[in-house]
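Sequential numbering from 4 applies to the sequence shown in our numbering.
In what follows, a single structure is set out as structure tokens and then discussed.
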Amino acid sequence: MKGSEQPRKRFIDYPRRGRGRLRRWLPSWRQQLGAAVVGAAGLAGLFAVGYAQVGIPNEKDAARQEATVYYWSDGSQMVSEGAVNRQNVPLSQVPDSVEHAVIAAENASFYSDSGVSFSGIARAAVNMVKGQNAQGGSTITQQYVKNTYLSQDQTLERKVKEFFIALKLDNRKTKQEILQGYLNTSFFGRHSFGIQAAANAYYGVPAERLNPSQGAALAALLKGAEQYDPALSRANHRRAVARWKWILDREVENGLMSRAERARWTTYPEPRKPTTPTSQKGQTGYLVDAAKKYLRSRTGLTDRDLARGGYRVHTTFEKDKVALLAKAVADERRRRIDPKKRAADSHVEFGAASVRPRDGAIVALYGGTDATKHFANNADTAGVPAGSAFKPFVLAAAVREQGSAPPTGDVTVPVPTFPAERADATLQALYEGLVTSAHPPFVAAGRRPGLTAIRDLALDAGLRKESLARLEPTFPLGTSTPSAIRLAGAYSLFGNDGRRTEPYSVTKVVRDGKPLPGLTPPEPRRVLTPEAARTIDRALGAFAAKTLPREITAKLARGVTAGGTGPQDRMRSCWFIGNDGAPGGGLTTAVTVFRTEPGTPQLLPMEGVGGDHRFGNGIPPRIWGAYAIGTQR
């Protein structure tokens, strides 16, 4: 009978009939096993297809690699960095201790693994889903594949290819061949590809003469020379020493070094000072350094990428203005600085940066005497206190407090006009104190508008948090140490109706005929209302009139504004930051002079520099004036 017919049996009994509400939705063990088998088969199929389709490409030909070329703002070539500095050596010429250090640092399971990291490609996939670079932990074999066969692009596609090529390569080459290739293709910084070039660049010896301590120090650089070359910064030095210690200890943990051998190496092997290619002599090396730093912050490009070549980097630097700024410094040095005549004139350093206020373009830098001899970029270094050059930000914080928070768009709020009989007494004192370089009103500003408000205004103006000093009573007097680039950029807002634009040095980068994304010019943002900015600009105009010699102001357009250190400053630096008042917004240029002796952590006193009893404060205005006059001819 129809009513006695049995229910038709389903191919997959899911949801499961005859079970309770919860159990009917729980797969049986057979179903779970079947799903696992099907899933495993699917993954195996995908793996087989990928393994079959991805072949081992031809090795990249270093001889065909193009230079990375840097251009002036007018499109003419500034300099090219190109020839890959690599000297291949057989593994037999690399000490075992160096091999052990590299393996301990990068891939402790190198000799036992299959050449790939499954967790690394999983992390790459997760990062891609998050919209981040497809970076993940790679084995030495995978890194060798990336160096030799593939691009440096951080994409999931490249990561998958790297994975399958590494698997195949691990089956076709011995571990010794892979390690040799890796050591000869890895980037160690200082334009060095490969262990032989790195040994020469850092220790002046061939690779076969490296000791275990030096080998560990070079292995640390594989994590990124920008962060671990100890000569680049004190922070780099701290990181390099810490990683060097970690690598030596890790060698012991992995049985690659005895404890007795480890005990021999307790002092970090300081590398020799870096050298700069002679093509980057004069100011060129400093300009390239600034461009690279900007690219690292905006695009993720590293020195390793740029050293491999093929990039066309178009900068904001104007050749004539760079030459004018260098000449202004050289002329003042020749006239005023004589170490043979005055001990105070020894170890004097100059730094300067010139920024176009309307868009933030850096048009000129002075980083030092010669980038091939003096390696620190004085235009972009933090460590030189601003002194009274910081005071406009204190006045700006007080003016902003009298109005309201900076509005969006072009909305404005009324602020007092100075000087005025009925003006707020605090603001009046700050206004006059800025012009006369008096300190007491600015110490009082620590209470109103307060140290936090002053710090926030400085950050909004573009000074970097790491350059700002601790919030102590002396903070308003300029104990912070911004760079010349940052001060020039921050001062631009006073003559630009309260807007400021992030200083930038690169307009575009082209590779293989295609522009790199992420390099649109920075957008201006409002920090102060126009009225507030003009209030401070008037004070800076009064300071310029009081500070600059008549022979300078007579040759410049009206509207020159400036700030800087004055006779009341007793800090170990002197500054002058001014806008030349030229039509279209002119140029805002920051000039600093200080004394520093290699190996001495603190700056030397400025008293008597150039025969100036005012702590050298007369030198920066003269340099600024010579440059400003030259740009308006």
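Note that CB positions come from ideal geometry on N, CA and C, so glycine has one too.
Cβ-Cβ separation, residue j to residue i (assumed contact under 8 Å), whole Å
i, j, result
"residue 367", "residue 325", "5 Å"
"residue 432", "residue 444", "4 Å"
"residue 609", "residue 553", "Incorrect: roughly 25 Å between the Cβ atoms, too far for contact."
"residue 626", "residue 335", "5 Å"
"residue 386", "residue 484", "5 Å"
"residue 402", "residue 596", "With a Cβ gap of about 30 Å, residue 402 and residue 596 do not count as contacting."
"residue 631", "residue 592", "7 Å"
"residue 259", "residue 103", "4 Å"
"residue 382", "residue 73", "The pair is not a contact, with the Cβ atoms about 16 Å apart (cut-off 8 Å)."
"residue 375", "residue 270", "About 29 Å separates the two Cβ atoms, so there is no contact after all."
"residue 628", "residue 555", "3 Å"
"residue 190", "residue 221", "About 12 Å; that fails the 8 Å criterion."
"residue 318", "residue 510", "7 Å"
Which residues DSSP lists as bridging residue i, in chain order
i, result
"residue 352", "597"
"residue 365", "358"
"residue 610", "Answer is none; residue 610 lacks a bridge partner."
"residue 316", "73 and 512"
"residue 503", "528"
"residue 1", "As displayed, the chain neither begins before 4 nor continues past 636, which places residue 1 out of reach and without an answer."
Element boundaries [alpha helix (DSSP H), containing residue i]
i, result
"residue 451", "From DSSP, residue 451 is part of no alpha helix (DSSP H); its letter is neither H nor E."
"residue 229", "228 to 231"
"residue 101", "99 to 109"
"residue 177", "No alpha helix (DSSP H) holds residue 177; DSSP gives it neither H nor E."
"residue 632", "622 to 634"
"residue 340", "Taken as a continuous stretch (DSSP letters only), residue 340 belongs to no alpha helix (DSSP H), as it is neither H nor E."
"residue 641", "Given that the chain is displayed from residue 4 to residue 636, the structure contains no residue 641 and the question cannot be resolved."
"residue 216", "215 to 223"
"residue 404", "394 to 405"
"residue 387", "Careful: residue 387 lies outside any alpha helix (DSSP H) and carries neither H nor E."
"residue 149", "143 to 151"
"residue 466", "No alpha helix (DSSP H) holds residue 466; DSSP gives it neither H nor E."
"residue 308", "306 to 311"
"residue 490", "487 to 494"
Beta strand (DSSP E) segment containing residue i, residue limits
i, result
"residue 117", "Counting along the chain, residue 117 falls outside any beta strand (DSSP E), and DSSP gives it neither H nor E."
"residue 92", "From DSSP, residue 92 is part of no beta strand (DSSP E); its letter is neither H nor E."
"residue 73", "71 to 74"
"residue 431", "First-last for residue 431: 428 to 439, but that is the alpha helix (DSSP H), not the beta strand (DSSP E)."
"residue 80", "80 to 84"
| query | What are the complete alpha helix (DSSP H) segments, minimum 4 residues, inside the region 237 to 291? | reply | 237 to 256 and 262 to 265
| query | Using 8 Å as the threshold, is the region 340 to 350 in touch with the region 538 to 557, meaning 3 or more CB pairs across them? | reply | no
| field | Segments assigned beta strand (DSSP E), at least 3 residues, entirely inside the region 514 to 599 | value | 564 to 567, 577 to 582 and 591 to 598
| task | Would you be able to state if there are at least three C-beta pairs under 8 Å between the region 485 to 500 and the region 354 to 368? | result | yes
| said: Under 8 Å, with one C-beta from each stretch per pair, do the region 243 to 250 and the region 214 to 231 reach the 3-pair mark? | reply: yes
| request: Report yes or no: do the region 554 to 567 and the region 581 to 593 share at least 3 C-beta pairs separated by less than 8 Å? | output: yes
| said: Any contact between the region 495 to 503 and the region 516 to 534? By contact I mean 3 or more CB pairs, one from each, below 8 Å. | reply: yes
| task | Would you be able to state if there are at least three C-beta pairs under 8 Å between the region 172 to 189 and the region 91 to 98? | result | yes
| said: If contact is defined by three or more beta carbon pairs under 8 Å, each pair taking one atom from either stretch, is the region 95 to 110 in contact with the region 203 to 212? | reply: yes
| said: For the pair the region 443 to 459 and the region 473 to 482, tell me if three or more CB-CB distances fall below 8 Å. | reply: yes
| request: Decide if the region 388 to 400 is in contact with the region 456 to 473; the criterion is three or more beta carbon pairs, one per stretch, under 8 Å apart. | output: yes
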